[in-house]
Amino acid sequence: MTVLKQLSKGASLETTLKAVSRMDLIKYSGSSGDFNPIHTIDEEAKKAGLPGIIAHGMWTMGNLAKLFTPYHEEGFIKDYQIRFSGMVFLDDVLTLIAELDEKNDNLLIFNVKVLNQKDKDVVKGKIKFELY
2 MTVLKQLSKG ASLETTLKAV SRMDLIKYSG SSGDFNPIHT IDEEAKKAGL
52 PGIIAHGMWT MGNLAKLFTP YHEEGFIKDY QIRFSGMVFL DDVLTLIAEL
102 DEKNDNLLIF NVKVLNQKDK DVVKGKIKFE LY
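In this text, residue positions in the sequence shown follow my numbering: the first is 2, and each later residue adds one.
As structure tokens, then:
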């Protein structure tokens with residue numbers, strides 16, 4: 002298993018999620034309290050001018066933390082900054098990527114992004130991970 006403190010600049014973490022399902026978004030709606038129907042009801046998304054339901058931006062952003070879950074004994078996410086750059090639709094397959102950009106003592110700064118199956122960025126940003 003990778004040890005984060007041993008990573009060198011340019012090293013990356015990556016994982017691909019299963020296809021986005023309606024059930025993923027229904028569950029997220031319930032847990033987050035965001036019941037905007039564009040995330041769960043096709044007709045409402047179309048009324049809003051969308052081609053279909055879209056994933057919650059925060060659902061997509063939150064999934065990036067999965068890259069760091071295996072390292073919870075090494076440290077924690079100290080700061081998280083992202084920009085939404087595209088929409089996520091049902092059946093999209095998302096790849097999560099974090100590339101180490103800076104290493105300062107116990108602080109690792111990663112450039113992060115989420116790509117859909119067409120290699121289009123849907124989220125970009127930075128995560129600061131602090132080592133214990």
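A virtual CB, placed ideally from N, CA and C, is assigned to each residue, including glycine.
Note that the structure is a prediction, hence the values are computed from the model and not measured.
Between Ser86 and Lys125 a beta carbon distance of about 6 Å is seen, short of the 8 Å cut, so the two are scored as contacting. For Ile42 against Ile27, the beta-carbon gap comes to about 10 Å, at or over 8 Å, which does not count as contact. When DSSP states are grouped into helix, strand and coil, Thr70 belongs to the helix group. Closest in C-alpha terms to Ile83, from the list Ser33, Gly76, Lys127, Tyr133, comes Lys127. In the three-state reduction of the DSSP assignment, Ile39 falls in the helix class. Under the three-state reduction of DSSP output, Glu75 falls in the coil class, being neither helix nor strand. Between the region 7-24 and the region 74-81 there are fewer than three inter-stretch CB-CB distances shorter than 8 Å, so the stretches are not counted as touching. Going by C-alpha positions, Leu108 is about 14 Å away from Glu100.
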